[in-house]
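Asks: Sharing a structure with you now.
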């Protein structure tokens with residue numbers, strides 16, 4: 001009897017997820033191939049799908065089934081498949097039920113339009129053109145936060161953060177960030193005063209886009225992204241979207257006068273994509289077939305981008321091929337020069353192109369601004385000023401315009417407030433997982449130097465991807481690494497890579 | 001009061017159309033960019049959307065509203081916007097209500113999978129691999145025909161034909177086709193015996209795909225396809241899909257050793273696309289914002305492909321540009337040589353590459369085979385034999401394999417039985433419309449020679465596109481041309497173009 005109720009429950013949530021995955025296709029198309037004339041109709045389509053998916057995921061029938069299953073034998077073993085699905089369906093159901101249908105549709109419609117206006121404003125560096133949209137979005141997200149609510153002693157931003165990193169609180173995140181800042185800043189200062197200096201010019205030569213695409217694809221395939229079940233396309237802002245079993249889409253962008261953005265962007269999105277491809281296909285649409293949190297998702301992308309992709313061993317394997325593809329730019333540079341160049345550290349404006357040492361400072365800035373926007377302390381119109389003044393104080397440089405300042409990221413236009421902190425959490429998780437994998441598998445760098453990436457990927461699949469949402473993020477990191485969230489492995493790895501390079 | 005009921009009715013049908021347009025995006029993506037691994041999940045997505053769209057378009061509430069509006073003042077003036085919408089919503093509602101939800105979902109699911117198997121079978125010329133799918137589809141379409149029903153004295157095939165060419169009957173179509181055949185065969189015989197012969201080699205030289213794409217785009221834009229509201233991509237089987245206001249997608253395929261397929265395919269799909277782009281955007285999702293029938297749709301594509309695109313005047317304008325793009329292939333051939341070559345007539349295997357004289361014979365073959373498949377007279381397994389024997393008797397040549405025989409078209413795998421005859425109807429409509437336009441606008445060829453295509457497009461927009469489904473196909477052709485469906489203008493135009501070329 002509980003089994004039959006459980007199957008009814010899964011049928012309902014799968015149907016809603018299947019509809020949601022239709023929306024993913026439409027969103028991907030909007031970013032990749034849709035002609036500009038289709039913008040308004042696409043917003044209507046996405047709003048309809050979001051509304052119906054929300055309607056379906058909040059059916060009272062789901063609540064009834066959850067009530068009936070809540071203390072059945074299916075929840076006896078806390079980490080069993082059935083108990084996990086029931087626990088997580090309950091959590092998202094309760095959250096969704098708090099959101100009025102009207103608000104869900106409105107957020108979907110407004111953000112679909114706003115992303116288009118953001119893209120235009122960004123390319124014209126015209127914050128004023130985007131300001132009314134940001135204003136609308138902040139109003140809607142404040143409404144969302146109020147509807148969802150938060151624990152006693154918390155703040156409205158918690159309600160938004162919880163969507164991306166379930167269980168995390170603003171105060172906890174702020175504490176972890178502060179601790180991290182205290183170790184990052186001295187490292188950064190030491191680097192600024194170092195005598196060794198990487199060649200900046202090396203990566204800013206001419207790298208033809210077609211050859212960049214070739215190298216990016218080869219590397220993505222080599223580390224394990226399955227192109228029979230995915231694609232790589234070009235967009236303004238790189239992303240990864242898993243449509244469901246057998247179909248995961250990556251995007252990147254090519255800058256012919258800078259090597260790193262497309263290549264490391266491709267590795268980054270491949271890391272996300274391999275997580276999506278590692279989820280249980282038979283569990284699609286249920287918590288067991290879904291990623292844990294954005295922080296855990298980001299741990300996968302950052303691991304492949306940085307811990308693997310910026311290691312010397314990775315380039316022992318790939319540098320000859322890179323030299324072959326870019327003979328003019330690379331033939332007279334050594335592996336060591338190249339490795340130092342891709343690990344150059346210095347304050348810069350664009351988050352997605354930031355080095356690993358300064359990256360988390362970019363996140364802390366956004367985290368603090370978002371909290372203030374949601375609390376009402378910061379008005380949307382005042383964002384450029386707040387951004388620039390904080391940026392100057394953290395980085396010692398000031399954005400010349402909003403394109404390299406507060407307009408650089410798509411997130412706010414897409415309504416993704418509460419999302420940014422997961423990037424920095426991901427960096428910390430990545431280092432913890434990597435250290436645990438190495439403890440079990442032995443010298444990973446030795447494997448990379450021989451082009452062997454499957455041992456690491458298989459380890460990630462077994463310990464992380466396969467489990468879907470069996471464990472919450474904070475428990476997963478404990479189960480897998482034996483320790484709770486910490487900046488120690490991250491700082492160890494940063495120190496181990498950057499101190500020798502810079503001779504400090 | 002009726003106005004408020006009418007608005008409720010429109011809201012319901014628009015919502016259903018909006019959902020249907022989401023399915024169009026997913027179908028387009030499946031043909032253009034989806035990795036093969038996504039096939040099964042995509043079938044599930046499309047089946048869900050088709051099922052829900054069907055559910056929404058058959059809501060009893062729509063029936064109630066139609067009943068209440070049926071004899072209201074909104075239907076007093078037969079061709080008024082309100083009367084037209086009520087009439088046509090009633091027609092599709094009644095049809096849809098006859099189809100069980102289960103059958104709709106099953107057809108969507110099976111055809112989504114079958115198209116994939118068709119594509120594989122086609123590339124391996126392996127009918128046996130496709131046969132079980134065809135068998136399933138015929139069974140489902142027979143079920144559909146039985147559920148929909150047909151007029152007394154008719155046949156099950158009428159029920160399928162009616163979906164694409166509302167109001168047409170198999171017997172009427174057969175009669176028109178017989179009359180056409182009696183005039184086409186003598187023309188073809190005369191051409192076979194003619195002394196003048198076009199250069200076959202001219203169009204079979206090397207035409208680089210990139211330059212073909214450039215010329216195709218330039219021509220599509222020149223005749224009036226708006227690329228701000230549309231795209232052109234590459235697929236195995238060319239098609240046009242209008243997603244809704246501001247977004248219409250065309251596809252084509254490039255054969256580097258044959259000029260005509262991509263170029264005239266692009267003009268053809270542009271003709272469809274300009275019809276879609278000419279529909280009233282404010283009437284999206286209602287009959288007034290929808291195309292009349294596939295026959296009328298095809299009249300637009302065939303007009304631009306053949307009556308415009310294969311005219312000497314069109315190439316007076318475009319040939320210099322073609323010579324510039326393909327200097328190796330074309331610089332030593334005259335405009336007259338080229339014009340004769342693109343109008344070469346001879347029996348050939350592939351419908352979409354057939355000349356205008358033999359084209360309708362390809363359709364008649366499919367029409368007769370489909371009727372027999374639906375009546376049960378022909379078994380799916382026997383299709384290759386039936387195809388080849390009829391082909392040999394009509395064309396005097398025999399397909400060497402099923403890729404150039406019964407596997408060439410996507411239609412059956414997509415469940416589109418009853419669709420083919422609309423191509424030949426479209427040819428006749430096109431000639432009738434073209435003659436009427438010329439009678440009103442003066443010498444169109446003189447305009448084409450100067451690159452002026454807007455007068456014709458504007459005429460089509462005003463007389464055809466703008467009206468959506470105001471008139472049924474058979475009435476539209478009477479309203480616009482003053483005569484009912486006829487093969488006379490088509491035969492006049494064929495004789496006028498081909499007799500001088502062939503010197504007969």
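Protein chains in written order, with the working numbering: chain A, 1 to 504; chain B, 1 to 504. Where a beta carbon is used, it is the ideal one built from N, C-alpha and C, also for glycine.
Could you name the residues of the same chain whose beta carbon sits closer than 6 Å to that of residue 53 (chain A), not counting the 5 residues immediately before and after it, in chain order?
Replies: Residue 53 (chain A) sits at position 53 when you count from the first residue of the first chain. Same-chain partners within the cutoff: 16, 19, 20.
Asks: Roughly how many angstroms separate the alpha carbons of residue 127 (chain B) and residue 148 (chain B), rounded to a whole number?
Replies: Taking the second chain and counting its residues from 1, one reaches residue 127 (chain B) at position 127. Taking the second chain and counting its residues from 1, one reaches residue 148 (chain B) at position 148. If you take the alpha carbons of residue 127 (chain B) and residue 148 (chain B), they lie about 30 Å apart.
Asks: Taking one C-beta from the segment 467-479 of chain B and one from the segment 439-452 of chain B each time, how about it: are there three or more such pairs within less than 8 Å?
Replies: Result no; under three Cβ-Cβ pairs closer than 8 Å.
Asks: From the DSSP secondary-structure annotation, give me the bridge partner or partners of residue 413 (chain A).
Replies: Numbered from 1 along the first chain, position 413 holds the residue referred to as residue 413 (chain A). Looking at the DSSP assignment, residue 413 (chain A) forms no beta bridge with any residue, so it has no partner.
Asks: Under 7 Å, Cβ to Cβ, is there at least one residue of chain A near residue 321 (chain B)?
Replies: As a first step, residue 321 (chain B) must be located in the second chain, where it is residue number 321. No, because no Cβ of chain A sits closer than 7 Å to the Cβ of residue 321 (chain B).
Asks: So is residue 185 (chain B) buried or exposed if we call it buried at 16+ other beta carbons inside 10 Å?
Replies: Reading the second chain from its first residue, position 185 is the one you call residue 185 (chain B). Under this definition residue 185 (chain B) is an exposed residue.
Asks: Does the separation of the CB atoms of residue 302 (chain B) and residue 427 (chain B) fall below 7 Å?
Replies: As a position in the second chain, residue 302 (chain B) is number 302, starting the count at 1. As a position in the second chain, residue 427 (chain B) is number 427, starting the count at 1. Closer than 7 Å, so yes.
Asks: Determine the extent of the beta strand (DSSP E) in which residue 240 (chain A) is found, giving its start and end residues.
Replies: If you number the first chain from 1, residue 240 (chain A) lands on position 240. That run of the beta strand (DSSP E) goes 240-244.
Asks: Closer than 8 Å is the cut-off here; do at least three beta carbon pairs connect the segment 279-290 of chain A with the segment 244-260 of chain A?
Replies: The segment 279-290 of chain A vs the segment 244-260 of chain A: in contact.
Asks: How would you call residue 214 (chain A), buried or exposed, if buried means at least 16 neighbouring beta carbons within 10 angstroms?
Replies: In the first chain, counting from the first residue as 1, residue 214 (chain A) sits at position 214. Exposed, since its Cβ has fewer than 16 Cβ neighbours within 10 Å.
Asks: Under DSSP, the beta strand (DSSP E) around residue 234 (chain A) begins and ends at which residues?
Replies: Reading the first chain from its first residue, position 234 is the one you call residue 234 (chain A). Element bounds for residue 234 (chain A): 230-234.
Asks: Who are the near neighbours of residue 425 (chain B) in its chain, counting only those whose CB is closer than 6 Å to its CB and skipping five residues on each side?
Replies: By 1-based counting over the second chain, the position of residue 425 (chain B) is 425. So the list reads 295, once near-sequence residues are dropped.
Asks: Residues in its own chain within less than 7 Å of residue 273 (chain B) by CB, not counting five upstream and five downstream?
Replies: Here residue 273 (chain B) refers to the residue found at position 273 of the second chain. Once the five neighbours on either side are set aside, the close Cβ partners of residue 273 (chain B) are 225, 230, 240, 248, 250.
Asks: Check for me: the alpha helix (DSSP H) holding residue 217 (chain B) runs from which residue to which?
Replies: Position 217 of the second chain, counted from the start, is the residue given in the question as residue 217 (chain B). Here the alpha helix (DSSP H) through residue 217 (chain B) covers 209-223.
Asks: Do you know offhand how far residue 122 (chain B)'s Cα is from residue 457 (chain B)'s?
Replies: Residue mapping note: residue 122 (chain B) aligns to position 122 of the second chain, counting from 1. Residue mapping note: residue 457 (chain B) aligns to position 457 of the second chain, counting from 1. Cα to Cα, the separation comes out at about 37 Å.
Asks: I'd like to know whether the C-beta atoms of residue 465 (chain A) and residue 271 (chain A) end up nearer to each other than 7 Å.
Replies: As a first step, residue 465 (chain A) must be located in the first chain, where it is residue number 465. As a first step, residue 271 (chain A) must be located in the first chain, where it is residue number 271. No, the Cβ-Cβ distance between residue 465 (chain A) and residue 271 (chain A) is not below 7 Å.
Asks: For a contact meaning CB atoms closer than 7 Å, what does residue 25 (chain B) contact in chain A?
Replies: The residue given as residue 25 (chain B) occupies position 25 in the second chain. Under the 7 Å cutoff, chain A gives 25, 26, 29.
Asks: Helix, strand or coil, according to DSSP, for residue 252 (chain A) in the structure here?
Replies: Taking the first residue of the first chain as 1, we reach residue 252 (chain A) at position 252. Here residue 252 (chain A) sits in strand by DSSP.
Asks: Ends of the alpha helix (DSSP H) at residue 531 (chain B)?
Replies: No statement about residue 531 (chain B) is possible, as the shown extent of chain B runs from 1 to 504 and does not include it.
Asks: What separation, rounded to the nearest whole angstrom, lies between the Cα atoms of residue 376 (chain A) and residue 412 (chain A)?
Replies: Stepping through the first chain from its first residue, residue 376 (chain A) is reached at position 376. Stepping through the first chain from its first residue, residue 412 (chain A) is reached at position 412. C-alpha separation (whole angstroms): 15 Å.
Asks: Any residues in the segment 38-53 of chain B with a beta carbon nearer than 8 Å to a beta carbon of chain A? Which ones, in chain order?
Replies: Within the segment 38-53 of chain B, the qualifying residues are 38, 39, 40, 41, 42, 44, 45, 48, 49, 52.
Asks: Taking DSSP as the reference, what is the three-state secondary structure of residue 94 (chain A)?
Replies: In the first chain, residue 94 (chain A) corresponds to position 94, counting from 1. Helix at residue 94 (chain A).
Asks: Would the segment 326-334 of chain A and the segment 360-368 of chain A be scored as touching if the rule is three or more Cβ pairs under 8 Å?
Replies: No, because fewer than three Cβ pairs between the segment 326-334 of chain A and the segment 360-368 of chain A fall closer than 8 Å, the two stretches do not touch.
Asks: Kindly indicate which residue of A:70, A:56, A:12, A:108 has the alpha-carbon position closest to the one of residue 24 (chain A).
Replies: Your numbering for residue 24 (chain A) matches position 24 in the first chain. Taking only the C-alpha atoms, the option nearest residue 24 (chain A) is A:108.
Asks: In the DSSP assignment, what are the bridge partners of residue 247 (chain A)?
Replies: Locating residue 247 (chain A) in the first chain gives position 247, counting from the first residue. Looking at the DSSP assignment, residue 247 (chain A) forms a beta bridge with A:244.
Asks: Any C-beta of chain A sitting closer than 7 Å to the C-beta of residue 59 (chain B)?
Replies: Here residue 59 (chain B) is taken as the residue at index 59 of the second chain, counted from 1. It does not; no Cβ of chain A falls within 7 Å.
Asks: Say whether chain B places a C-beta atom closer than 7 Å to the C-beta of residue 229 (chain A).
Replies: By 1-based counting over the first chain, the position of residue 229 (chain A) is 229. Yes, residue 229 (chain A) lies at the interface with chain B (some Cβ there is under 7 Å from its Cβ).
Asks: So, using beta-carbon positions, are residue 203 (chain B) and residue 259 (chain B) closer together than 7 Å?
Replies: Locating residue 203 (chain B) in the second chain gives position 203, counting from the first residue. Locating residue 259 (chain B) in the second chain gives position 259, counting from the first residue. Yes.
Asks: Which value, in whole angstroms, describes the spacing of the CA atoms of residue 55 (chain B) and residue 68 (chain A)?
Replies: If you number the second chain from 1, residue 55 (chain B) lands on position 55. If you number the first chain from 1, residue 68 (chain A) lands on position 68. So the two alpha carbons sit approximately 29 Å from each other.
Asks: Alpha carbon to alpha carbon, how far is residue 430 (chain A) from residue 310 (chain A)? Give it in angstroms, no decimals.
Replies: Here residue 310 (chain A) corresponds to residue number 310 of the first chain, with the count starting at 1. Here residue 430 (chain A) corresponds to residue number 430 of the first chain, with the count starting at 1. Rounded to whole angstroms, residue 310 (chain A) to residue 430 (chain A) spans 14 Å at the Cα level.
Asks: CA-CA distance, residue 210 (chain A) and residue 235 (chain A)?
Replies: In the first chain, residue 210 (chain A) corresponds to position 210, counting from 1. In the first chain, residue 235 (chain A) corresponds to position 235, counting from 1. About 15 Å.
Asks: According to DSSP, is residue 200 (chain B) helix, strand or coil?
Replies: Mapped onto the second chain, residue 200 (chain B) falls at position 200. Coil at residue 200 (chain B), not helix or strand.
Asks: Anything in the segment 233-258 of chain B with a Cβ closer than 8 Å to a Cβ of chain A? List those residues in chain order, please.
Replies: From the segment 233-258 of chain B, only 233, 243, 244, 245, 246, 247 have a Cβ closer than 8 Å to chain A.
Asks: With respect to the alpha helix (DSSP H) encompassing residue 192 (chain B), which residues constitute its N-terminal and C-terminal limits?
Replies: Counted from its first residue, the second chain places residue 192 (chain B) at position 192. Run containing residue 192 (chain B): 170-192, per the alpha helix (DSSP H) assignment.
Asks: Could you tell me if residue 144 (chain B) is buried or exposed, where buried requires 16 or more neighbouring beta carbons within 10 angstroms of its beta carbon?
Replies: Along the second chain, read from residue 1 onward, the residue named residue 144 (chain B) stands at position 144. Classification of residue 144 (chain B): buried, given that the 10 Å Cβ count is 16 or more.
Asks: Can you list, in chain order, the residues of its chain whose CB lies under 7 Å from that of residue 322 (chain B), leaving out five sequence neighbours each side?
Replies: Counting from one through the second chain, the residue named residue 322 (chain B) turns up at place 322. 215, 330.
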